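Student: Structure in structure tokens, see below.
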Amino acid sequence: MKEIRTPFTAVENIYTPRQRYVLLVCSILALAGLMLFGLAQYLTAFLAAGILFVVFRPWWVALVYRRRWNQRLVTVGILLVTVVVLVVPFYALSSLLLDRLVAFARNPEQILVVVHKIEVATGFKVAEQLNVRELLLQGGAKVSGWLPTLASSALNFLVIVGLMLFTMYYLFMQETYFLLGLHRYLPFRNETLIELGESLKNNVNANVLGQVIVALVQAVLTGLTLWIFGVPDALFWGVVAFFMAFLPVLGTPLVWGPAALYQFSQGHNGQAIGILLVGFIVIINVDNLLRIMLAKRMGDIHPLVTLVGLVLGVEIFGLIGLVVGPLLVSYFLVLMEVFRRENRMHKVAQAESGKAE
13 MKEIRTPFTA VENIYTPRQR YVLLVCSILA LAGLMLFGLA QYLTAFLAAG
63 ILFVVFRPWW VALVYRRRWN QRLVTVGILL VTVVVLVVPF YALSSLLLDR
113 LVAFARNPEQ ILVVVHKIEV ATGFKVAEQL NVRELLLQGG AKVSGWLPTL
163 ASSALNFLVI VGLMLFTMYY LFMQETYFLL GLHRYLPFRN ETLIELGESL
213 KNNVNANVLG QVIVALVQAV LTGLTLWIFG VPDALFWGVV AFFMAFLPVL
263 GTPLVWGPAA LYQFSQGHNG QAIGILLVGF IVIINVDNLL RIMLAKRMGD
313 IHPLVTLVGL VLGVEIFGLI GLVVGPLLVS YFLVLMEVFR RENRMHKVAQ
363 AESGKAE
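Residue numbers (our numbering): 13 to 369.
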């Protein structure tokens, strides 16, 4: 075939091969950084898709590879399970809580009655009645003003969920190409990739499945505590506690704390003190102890890695940092071990080369 020559064929490039290589790497990193910056607000969707891919992959492998089920059918089924188990309950609970918040904001007299009863029961003057009324009216106006923002947030939430489901679909449908791409483009040996994959699986098992177990235990304890001490709608608030348990630091105290105040306002001081005692002694410590125990048992993760990772992850990534944070710390430790091993191998190779000379 005759070579096609252009006016640029004879022009000599000013860069050496080494310079072209460095510039190519810099260009790739710059474009990757620009893409990451542009997608930063949707990073949660891609991280969640990756985490759920790891969670559901054993089921997917069992159904597709072992039982020979249709790949597309299994993938769509997993997406439906994700929507039913994760998205629908979260959306429904958010709507219920928002409806109650708006109802309280529009009817401040109910809250004023509770505040007055708390003052009578405790003997402490919370605030002047007029000030409380003005504060509640201002709060009601703010809640009404939040509604457009909440609607916009709901739209953003739907976009993130859509991106997450879309990413999950292609991760499962093109699983082979995805895993081959990781092996091809990540700058690690195969044994290092195996270590990183094992660390990812352990962290997901410990921090996703473990967090669900912790939240379920806390929700059951909170619901039973409220029921035993006579708080209305204990079952509903137990369900709320399950979702609140995923919030770092605050968590279930957002449920049993106001419940104790409510019992104080009704003059049931013994029941209110009982709720606070169970909350501080049992429910909070269950979160701290059970999370560390499950991390060690389910993923063989050191408790210090879990604690440092949770603090780091929540600060950077928010709620999803409960999983990503410990994973980052684990990856750092794995790569440090890989560096130590590679450095040792390099020194041994240099010593052998020196003896040969």
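Cβ coordinates follow ideal geometry from the N, Cα and C atoms, glycine included.
Small disclaimer: the values here were computed from a predicted structure and weren't measured.
#1: May I have the straight-line CA-CA distance separating G11 from Q283, to the nearest angstrom?
#2: Smallest Cα separation from L212: which of G50, Y77, V341 and L228?
#3: Is it buried or exposed for Y274, if we count other Cβ within 10 angstroms and need 16 for buried?
#4: Report buried or exposed for I90, applying the criterion of at least 16 other Cβ atoms within 10 angstroms of its Cβ.
#5: Considering N214, what are the terminal residues of the alpha helix (DSSP H) in which it resides?
#6: Under a Cβ-count criterion, where at least 16 other Cβ atoms within 10 Å of its own Cβ denotes burial, should G50 be classed as buried or exposed?
#7: Helix, strand or coil for H358, going by three-state DSSP, please let me know.
#8: How would you write the range of the alpha helix (DSSP H) that Q278 sits in, first residue to last?
#9: Please report the straight-line C-alpha distance between S39 and Q230, rounded to a whole angstrom.
#10: Would you decide whether M348 is buried or exposed? Buried here means 16 or more other CB atoms lie within 10 Å of its CB.
#11: What three-state label does DSSP hand W249 in the structure shown?
#12: With three or more C-beta pairs closer than 8 Å as the rule, is the segment 318-330 touching the segment 166-184?
#13: Looking only at its chain, what residues have a beta carbon closer than 8 Å to the beta carbon of K35, apart from the 5 residues adjacent to it on each side?
#14: To the nearest angstrom, how far is it from the Cα of V93 to the Cα of V100?
#15: Can you tell me whether W72 is buried or exposed? The criterion is at least 16 other CB atoms within 10 Å of its CB, across all chains shown.
#16: Give the straight-line distance between the Cα atoms of L41 and V232, rounded to the nearest whole angstrom.
#17: For A271, name the three-state secondary structure that DSSP assigns.
#18: Taking just the CA atoms, how far does I206 sit from V226?
#19: For A57 versus I172, is the C-beta spacing smaller than 9 Å?
#20: Classify T237: buried if its beta carbon has 16 or more other beta carbons within 10 angstroms, exposed otherwise.
#21: Helix, strand or coil for L221? Go by DSSP, reduced to three states.
Tutor: Taking the definition as stated:
#1: The structure shown does not extend to residue 11, since the chain is modelled only from 13 to 369, so the question has no answer here.
#2: V341
#3: buried
#4: buried
#5: N202 to V216
#6: With fewer than 16 other Cβ atoms from the protein chains shown falling within 10 Å of its own Cβ, G50 counts as exposed.
#7: H358 falls in the helix class under three-state DSSP.
#8: Counted as a single uninterrupted DSSP element, the stretch harbouring Q278 is not any alpha helix (DSSP H), since DSSP gives it neither H nor E.
#9: Their backbone Cα atoms lie some 49 Å apart in a straight line.
#10: Of the other Cβ atoms in all chains shown, fewer than 16 fall within 10 Å of the Cβ of M348; this residue is therefore exposed.
#11: helix
#12: no
#13: Before going further, note that residue 35 is Leu rather than Lys in the sequence given. Y27.
#14: 10 Å
#15: Counting every other CB atom within 10 Å of its CB across the protein chains shown gives W72 a total of 16 or more, marking it as buried.
#16: If I take the Cα positions, the gap works out to 48 Å.
#17: helix
#18: 29 Å
#19: yes
#20: The residue is buried, with at least 16 neighbouring Cβ atoms inside 10 Å.
#21: helix
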